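Everything on this sheet refers to the single structure shown next.
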Amino acid sequence: MHPHLHTKDNTECEAVMIALEECHAKGFMWKAAGMCNDAKQALNTCLKAERTKHQSANRNGVVSKKDQIRQKWKEIDENR
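Right, dumping it as structure tokens:
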């Protein structure tokens, strides 16, 4: 597996990553015959869910930060 996938952000997918690594360790012919496709699809699904969760959290953080900025500008405008 790619080292950047094994981060604290993807701990929910750790078991799926390990299963795919074990499948890949069985050899090239095993992978070439498509025996790892289910594990790969499960990993893609898990990583997509994790990415969606992080995107949602980031989006909510941006909204609150913009609200804080608007509030500060409002205070600045009131104090002029």
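Using UniProt numbering, you'd call the opening residue of the sequence shown number 1 and step up by one each time.
All C-beta atoms, glycine included, are put in the ideal place defined by N, C-alpha and C.
Owing to the predicted nature of the structure, the values given are computational and were not obtained by experimental measurement.
In whole angstroms, what is the alpha-carbon distance linking residue i and residue j?
i      : j      : result
Ile-69 : Asp-77 : 12 Å
Glu-12 : Lys-65 : 28 Å
Arg-51 : Gln-71 : 30 Å
Glu-14 : Gly-61 : 26 Å
Gly-27 : His-54 : 34 Å
Ala-42 : Glu-22 : 14 Å
Asn-44 : Arg-59 : 22 Å
Classify residue i as buried or exposed, calling it buried when 16 or more other Cβ atoms lie within 10 Å of its own Cβ.
i      : result
Met-29 : exposed
Val-63 : exposed
Output the boundary residues of the alpha helix (DSSP H) element that contains residue i.
i      : result
Cys-23 : 14-25
Gly-34 : Gly-34 -> no alpha helix (DSSP H), and no H or E assigned at all.
On the premise that residue j lies in contact with residue i, defined as a C-beta separation below 8 Å, what is that separation, rounded to the nearest angstrom?
i      : j      : result
Asn-10 : Leu-47 : 7 Å
Ala-19 : Ala-39 : 5 Å
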